[in-house]
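Asks: Okay, here's the structure, questions in a sec.
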Ligand SMILES: Nc1ncnc2c1ncn2[C@@H]1O[C@H](COP(=O)(O)OP(=O)(O)OP(=O)(O)O)[C@@H](O)[C@H]1O
Ligand SMILES: [Mg+2]
């Protein structure tokens with residue numbers, strides 16, 4: 006039995022198709038990641054999987070329980086750490102966990118033991134009696150995660166667990182997540198828009214963009230499928246390069262090309278053979294190459310290859326989109 010199974014899951018908000026016909030399965034004990042930019046549909050999917058939001062159509066099962074018809078069993082089996090912190094800043098760490106334990110109906114005689122256990126795990130024993138308002142961003146997130154573990158769920162959902170944290174803190178949080186994964190032997194579903202996070206943490210990753218899954222595979226396989234090398238080229242102007250590009254596509258060893266204005270990204274299995282040919286074609290077409298570089302593929306490259314754009318750590322575009330959607334709703 007799968008820990009998570011979805012079949013043609015779809016969710017629309019008015020005319021915004023937030024989740025578009027998504028099907029995937031997550032095996033027991035896997036760390037599965039949803040990698041996608043702002044507004045891709047990560048949180049919406051997660052809210053459906055945690056039974057907080059009803060799908061427009063399609064099905065989702067958690068540990069075999071249908072999220073729509075068996076929400077109670079679903080909630081007993083999951084922990085859910087939301088994107089935005091839900092802890093009360095004016096309570097201490099321990100008081101927050103106590104509240105969470107009561108909400109989760111943990112038997113009274115078990116509560117203190119469970120709290121000690123999770124505090125130990127996320128290394129907040131020393132800070133447990135301080136008000137959360139004095140905690141750093143990383144400590145708050147650790148407390149959030151601890152709250153999701155108290156009832157020993159089989160499946161843990163983490164919605165962008167490290168968003169907004171600096172890179173060192175982010176790495177620390179990954180270590181905690183790995184530790185939790187080993188100690189509790191649980192399935193973890195994590196969403197992120199950080200490539201490195203998906204790469205470091207996940208057994209398999211689904212790339213999601215505009216509500217659709219573009220590919221699901223292990224980070225390793227995704228990178229290997231791109232060929233061994235990435236050639237990045239910047240051409241001299243924005244003029245039409247179409248015939249030049251189609252000529253480059255014909256070069257042996259070139260697996261795939263992405264074009265973004267005058268920037269070309271080539272995925273090739275033998276870069277050192279390809280580069281001289283590129284120069285040859287460019288001189289035939291009278292096109293000047295501003296820069297050219299050869300690198301190993303990263304998950305970034307995989308993302309570009311499947312979505313046609315970069316994943317940007319920049320919320321401005323998304324805010325506009327969200328505002329737009331909000332305006333539409335108000336007008337409707
Ligand atoms: N309650 C809602 N009403 C209307 N539209 C919504 C609602 N919730 C989400 N959306 C829209 O659905 C799409 C997907 O949003 P979602 O929050 O799932 O994305 P996300 O991948 O979690 O993004 P982020 O990285 O910013 O958290 C967006 O276009 C968003 O504007
Ligand atoms: Mg989100």
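Residue numbers (our numbering): 6 to 337. Yeah, the Cβ is synthetic: ideal placement off N, Cα and C, and Gly gets one too. Everything numeric in this text was worked out from a predicted model, so none of it was measured.
(1) Measuring only from the beta carbon, is residue 295 closer than 6 Å to any heavy atom that is part of ligand 2?
(2) So what's residue 133 in DSSP terms, helix, strand or just coil?
(3) For residue 251, is the classification buried or exposed, using 16 other Cβ atoms within 10 angstroms of its Cβ as the cut-off for buried?
(4) Determine which residues share a DSSP beta bridge with residue 84 and list them.
(5) For ligand 2, is there any heavy atom lying closer than 6 Å to the beta carbon of residue 48?
(6) Straight-line CA distance for residue 206 to residue 36?
(7) Have a look at 52, 65 and 46 and flag the residue whose alpha-carbon is nearest the alpha-carbon of residue 28.
(8) What does the Cβ neighbour count give for residue 24, buried or exposed, with the cut at 16 atoms within 10 Å?
(9) With distance defined between alpha-carbon atoms, name the residue in 38, 31, 44 and 53 nearest to residue 15.
(10) In chain order, which beta strand (DSSP E) runs of at least 3 residues are fully inside the stretch 225-259?
(11) I'd like the list of long-range same chain contacts for residue 145, defined as Cβ closer than 8 Å, with 5 residues on each side in sequence excluded.
(12) Assess, as a yes-or-no matter, whether the stretch 208-228 is touched by the stretch 269-286 under the definition of 3 or more beta carbon pairs within less than 8 Å.
(13) Identify every run of the alpha helix (DSSP H) within the stretch 264-319, keeping only runs that are complete inside it and at least 4 residues long; order them along the chain.
(14) Taking residue 269 as the reference, which of 290, 237, 277 and 255 has the closest Cα?
(15) Taking the beta strand (DSSP E) that residue 142 belongs to, which residues open and close that run?
(16) List the DSSP bridge partners of residue 38.
(17) Short of 8 Å in beta carbon distance, which residues of its chain neighbour residue 177, apart from the five on each side in sequence? Order them along the chain.
(18) My guess is that residue 123 and residue 104 are in contact by the Cβ rule of under 8 Å, so how many angstroms apart are they, rounded?
(19) So for residue 24, helix, strand or coil by DSSP?
(20) Quick one: what does DSSP say residue 223 is sitting in, helix, strand or coil?
Replies: Looking at the coordinates:
(1) Working through the chain shown from its first residue, we reach residue 295 at position 290. No, since every heavy atom of ligand 2 falls outside the 6 Å radius drawn around the Cβ of residue 295.
(2) For this step, residue 133 is matched to residue 128 along the chain shown. Here DSSP, grouped into helix, strand and coil, assigns residue 133 to coil.
(3) The residue labelled residue 251 in the question sits at position 246 within the chain shown. It counts as exposed.
(4) Along the chain shown, read from residue 1 onward, the residue named residue 84 stands at position 79. Beta-bridge pairing links residue 84 to 161.
(5) The count along the chain shown starts at 1 and reaches residue 48 at position 43. With a cutoff of 6 Å, residue 48 counts as near ligand 2, since its C-beta is closer than that to a heavy atom of the ligand.
(6) Residue 206 sits at position 201 when you count from the first residue of the chain shown. Residue 36 sits at position 31 when you count from the first residue of the chain shown. Cα to Cα, residue 206 sits roughly 7 Å from residue 36.
(7) Translated into positions along the chain shown, residue 28 becomes position 23. When each option's Cα is compared against that of residue 28, the closest is 65.
(8) Here residue 24 is taken as the residue at index 19 of the chain shown, counted from 1. Flag for residue 24 reads buried.
(9) Numbered from 1 along the chain shown, position 10 holds the residue referred to as residue 15. Among 38, 31, 44 and 53, the Cα nearest to that of residue 15 is on 53.
(10) Fully enclosed beta strand (DSSP E) runs of 3 or longer: 234-240.
(11) For this step, residue 145 is matched to residue 140 along the chain shown. So the list reads 90, 92 and 137, once near-sequence residues are dropped.
(12) By the Cβ rule, the stretch 269-286 does not count as touching the stretch 208-228, because fewer than three pairs are nearer than 8 Å.
(13) 276-290 and 304-312
(14) Looking up residue 269 in the chain shown gives position 264. The shortest Cα separation from residue 269 among 290, 237, 277 and 255 belongs to 237.
(15) Numbered from its first residue, the chain shown carries residue 142 at position 137. Taken as a continuous stretch (DSSP letters only), residue 142 belongs to no beta strand (DSSP E), being part of the alpha helix (DSSP H) at 142-152.
(16) Counted from its first residue, the chain shown places residue 38 at position 33. 195 and 210.
(17) Walking along the chain shown from the start, residue 177 turns up at place 172. Contacts found: 143.
(18) As a working mapping, residue 123 is identified with position 118 in the chain shown. As a working mapping, residue 104 is identified with position 99 in the chain shown. Going by Cβ atoms, the distance from residue 123 to residue 104 rounds to 14 Å, so no, they are not a contact pair.
(19) In the chain shown, residue 24 corresponds to position 19, counting from 1. Residue state, collapsed to three classes: strand.
(20) Residue 223 sits at position 218 when you count from the first residue of the chain shown. Of the three classes helix, strand and coil, the one that applies to residue 223 here is coil, per DSSP.
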